[in-house]
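Presented below is the structure to which this report refers.
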Amino acid sequence: MDTGNGMSHSTANVDTSRGTDLPVLLPLAAESRQAALIERREGTYRLNMQPRHLLWLAVIFTLVAASAQAATPAGLIGPMEAIWKWAPFILWGPEGQLTGFALNLIISFFAMILGTVAGAALGLMQVSLLLPVRQGSWIVTQFFRNSPWLVLLFTIMLLFPFEIDLNSIGIDVIIPVPDWIKAVIGFSLPVMANISEVVRGAVISLPSGQWESAESLAFTRRQTMWMIILPQCVKRMIPPWINWYCILAMSTPICSIMGVEESVTFTAQALNAEGDRPELIPVFYAFLLIIHFVYTYPIARWSIQLEKKFVIKT
Amino acid sequence: MEFANFFQSLYDNTGWNFVFLYEQYEYDRLLEAMWVSVKLIIASLFFSLVVGFIGAWAQGAKSRIIRYTMAGYIQLFRNTPPFVQILFFYFVLGNLVPTYDAGGYQAAYIDSFGWAVISLGFFAGAFNTEIFRSGIEAVPESTREAAEALGYTRLKSYMHIIFPLAFRVCLPALNNNLVNLLKTTTLAYGIAVPEMMYTANQIWSDNVNVPEMMIVLFIYYVGLVAILVYAMHKWEKKMKIPGYG
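Sequence order for the protein chains is A and B. Using the working numbering, the first residue of the first sequence is number 272, and each one after it goes up by one. Using the working numbering, the first residue of the second sequence is number 15, and each one after it goes up by one.
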């Protein structure tokens with residue numbers, strides 16, 4: 272992949288002290304470096320799809336279903352019928368409980384709330400004036416955003432107690448901790464670290480003039496932070512925040528590995544109940560991909576629109 | 015031996031069970047898993063770069079069908095959960111692969127490792143395609159015209175002129191994506207690829223030493239990310255040419 276050798280030989284004789292042979296590329300390279308920095312902070316969920324593309328998706332799904340229909344042995348129910356039969360189960364689980372895809376959403380909501388609160392605190396610690404606080408929160412942030420989500424999830428699922436006994440502090444109550452709550456905590460950790468970076472990035476991206484003029488108006492540091500800096504940051508943080516929500520929502524299926532009763536687990540169970548017929552498998556997994564897509568797509572569009580609206584003119 | 019005895023006594027005295035440091039079997043198993051993980055990461059990184067290279071070229075193709083297909087591929091892979099993608103590849107396409115007799119049982123020509131590489135490669139490749147395309151857009155039109163004037167065909171100028179320049183512009187973005195891919199390879203656990211996560215699970219199931227194995231997992235993956243970032247920076251420096259920041 273190293274395409275550089277031939278290139279550097281030919282430019283070896285160029286006198287670089289007087290400028291370069293490709294000066295036109297310099298600003299572009301700097302620009303893309305900056306964009307990459309921002310992207311690393313805000314997540315890489317970006318899409319530019321038009322609503323008409325959804326139509327294509329429907330066409331492809333229909334083709335998959337039609338070919339499955341053709342492969343259906345006589346006497347067994349066809350793919351569309353099977354989807355129709357199992358869709359409620361995959362979407363919200365058995366009667367009376369919110370599981371299946373609904374649980375994916377519930378996990379993503381709570382993990383986002385928890386991760387945002389913790390991440391905001393961690394992010395503010397990262398811009399603290401106290402060196403140990405700043406360094407400590409930096410290490411925590413880097414640790415959680417560079418660990419795989421699955422490893423974090425496993426850690427919480429296996430090490431977190433399945434019930435909390437309040438007897439030790441004198442209250443006779445045992446709080447059970449179901450699997451999905453553990454999943455919420457597990458997912459909130461990487462979200463926390465990434466939101467922390469978003470907060471830090473937003474604070475340091477404000478022009479230093481804001482700090483200086485606040486100081487000249489005799490605002491204390493705390494007042495400057497709460498009354499001047501953070502209100503301006505909120506607007507900048509909303510699009511990346513939504514972006515991270517989309518990434519989180521798309522990651523929730525991995526908790527099916529630990530048997531949380533969400534959409535992937537139920538899809539496998541529904542297929543099993545239909546006797547694992549090979550022609551049904553593509554239709555069911557395609558259905559799963561589509562429901563996730565249909566959920567995250569409008570949110571992602573909305574985030575792009577907000578970003579365009581909030582763009583700061585400099 | 016001294017070393018093994020120390021960890022054996024650590025377990026006897028404190029209960030901290032780093033079993034792989036004093037038992038040959040667990041040691042071999044963990045080492046093998048580390049190696050499988052590294053192979054998985056390198057293979058899917060390489061495959062995703064190839065997909066990105068071809069994809070970025072196809073995005074600029076004259077044929078409308080090729081361009082639309084590429085756009086559809088990118089949107090679909092970027093906007094669906096990577097874990098469901100892996101399952102889709104393994105359970106759906108895996109069913110269609112012919113099998114051969116592997117001494118008493120039927121084995122498919124592409125095993126779970128192969129499917130993990132393919133699906134992760136396509137997943138990260140969708141992002142790489144977009145990254146390379148943004149780099150290609152940064153290459154000035156005059157450079158393209160100069161190549162054309164020198165008699166380069168579209169493919170040749172892409173391979174020898176445009177891509178090498180574009181690649182350097184988009185290295186920082188590529189860096190992000192490859193780190194992401196490295197972390198995503200743990201999802202291969204879902205289709206029983208015997209990589210680090212999967213084997214760690216087996217070890218803690220046999221020895222009931224979850225916290226210890228978790229520590230190992232964190233050190234392993236955070237360490238790998240650090241190595242990858244370091245290597246990419248080195249590479250970036252090495253490929254530096256005048257005129258590029």
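In this text, a Cβ means the ideal position worked out from N, Cα and C, and glycines have one as well. Note that the structure is predicted; figures quoted are calculated from it, not measured.
Endpoints, the alpha helix (DSSP H) within which residue i is located
i, result
"Ala122(B)", "First-last for Ala122(B): Gln120 to Ala122, but that is the beta strand (DSSP E), not the alpha helix (DSSP H)."
"Asp547(A)", "No alpha helix (DSSP H) contains Asp547(A), which DSSP labels as neither H nor E."
"Pro225(B)", "Val224 to Lys252"
"Ala85(B)", "Arg78 to Arg92"
"Cys517(A)", "Leu501 to Ser522"
"Leu401(A)", "Where Leu401(A) is concerned, there is no enclosing alpha helix (DSSP H), given that its DSSP letter is neither H nor E."
"Ile109(B)", "Sequence inspection shows Asn at residue 109(B); the Ile mentioned does not correspond to that position. Looking at the DSSP string, Asn109(B) is not in any alpha helix (DSSP H), and its letter there is neither H nor E."
"Ile427(A)", "Trp420 to Leu430"
"Ile309(A)", "Leu297 to Glu313"
"Val50(B)", "Gln38 to Gln73"
"Thr236(A)", "Here chain A covers residues 272 to 585 and nothing more, so residue 236(A) does not appear."
"Thr157(B)", "Glu155 to Ala163"
"Pro96(B)", "Pro96 to Leu101"
"Asn189(B)", "Leu185 to Thr198"
"Val207(B)", "First-last for Val207(B): undefined, no H or E at that position."
"Gly364(A)", "Element bounds for Gly364(A): n/a, residue is neither H nor E."
"Val131(B)", "Ser126 to Ala152"
"Phe490(A)", "Note, Phe490(A): premise wrong, no alpha helix (DSSP H); not H, not E."
"Arg18(B)", "The question names Arg, yet the displayed sequence has Ala at residue 18(B). Looking at the DSSP string, the run of the alpha helix (DSSP H) that includes Ala18(B) is Glu16 to Thr28."
"Ser171(B)", "Arg168 to Ser171"
Those residues which DSSP pairs with residue i across a bridge
i, result
"Gly371(A)", "Glu533(A)"
"Ile435(A)", "Ile446(A)"
"Asp115(B)", "Gln120(B)"
Among the options, the one whose alpha carbon lies nearest that of residue i
i, options, result
"Gly108(B)", "Ile176(B), Leu242(B) and Ser126(B)", "Ser126(B)"
"Arg81(B)", "Leu63(B), Thr143(B), Tyr36(B) and Tyr114(B)", "Thr143(B)"
"Leu423(A)", "Val52(B), Ile205(B) and Ile229(B)", "Ile229(B)"
"Tyr516(A)", "Lys453(A), Arg548(A) and Ser574(A)", "Ser574(A)"
"Ala339(A)", "Thr495(A), Gly349(A) and Gly314(A)", "Gly349(A)"
"Gly530(A)", "Glu352(A), Lys580(A), Ile452(A) and Pro298(A)", "Ile452(A)"
"Ile518(A)", "Val65(B), Arg92(B), Phe21(B) and Trp30(B)", "Arg92(B)"
"Trp512(A)", "Thr495(A), Arg493(A), Met521(A) and Val469(A)", "Val469(A)"
"Ala520(A)", "Asp450(A), Phe564(A) and Phe414(A)", "Phe564(A)"
Presumed contact (8 Å Cβ cut-off) between residue i and residue j, rounded CB distance
i, j, result
"Glu310(A)", "Ala187(B)", "6 Å"
"Pro510(A)", "Glu434(A)", "Going by Cβ atoms, the distance from Pro510(A) to Glu434(A) rounds to 40 Å, so no, they are not a contact pair."
"Val455(A)", "Phe381(A)", "4 Å"
"Cys184(B)", "Ser148(B)", "6 Å"
"Leu44(B)", "Phe32(B)", "In fact, because the Cβ distance is near 10 Å, the residues do not count as touching under 8 Å."
"Thr523(A)", "Ile378(A)", "5 Å"
"Leu54(B)", "Val131(B)", "7 Å"
"Trp129(B)", "Ile56(B)", "Between Ile56(B) and Trp129(B) the Cβ distance is about 17 Å, and since that is not below 8 Å, they are no contact."
"Ala180(B)", "Val153(B)", "5 Å"
"Phe146(B)", "Gly74(B)", "About 10 Å separates the two Cβ atoms, so there is no contact after all."
Cβ-Cβ distance between residue i and residue j below 7 Å
i, j, result
"Glu550(A)", "Ala342(A)", "yes"
"Ile562(A)", "Phe372(A)", "yes"
"Glu151(B)", "Val50(B)", "no"
"Ser58(B)", "Ile100(B)", "no"
"Pro461(A)", "Trp420(A)", "yes"
"Arg471(A)", "Gly394(A)", "yes"
"Leu374(A)", "Glu483(A)", "no"
"Val222(B)", "Leu429(A)", "no"
"Val335(A)", "Pro569(A)", "no"
"Trp218(B)", "Met227(B)", "yes"
"Ala163(B)", "Ile175(B)", "no"
"Val239(B)", "Tyr556(A)", "no"
"Thr412(A)", "Ser467(A)", "yes"
"Thr94(B)", "Leu560(A)", "yes"
"Ser77(B)", "Gly139(B)", "no"
"Leu196(B)", "Phe97(B)", "no"
"Asn191(B)", "Phe141(B)", "yes"
"Ser418(A)", "Tyr235(B)", "yes"
"Val398(A)", "Val330(A)", "no"
"Ile354(A)", "Phe581(A)", "no"
"Met396(A)", "Val404(A)", "yes"
"Met84(B)", "Gly69(B)", "yes"
"Ala464(A)", "Phe431(A)", "no"
"Tyr272(B)", "Gln22(B)", "Because residue 272(B) is not part of the residues shown, which for chain B are 15 to 259, the question remains open."
"Asn189(B)", "Met246(B)", "yes"
"Asn514(A)", "Glu313(A)", "yes"
Closer than 7 Å to chain E by CB, residue i
i, result
"Met210(B)", "Here the protein chains are A and B, and chain E is not one of them."
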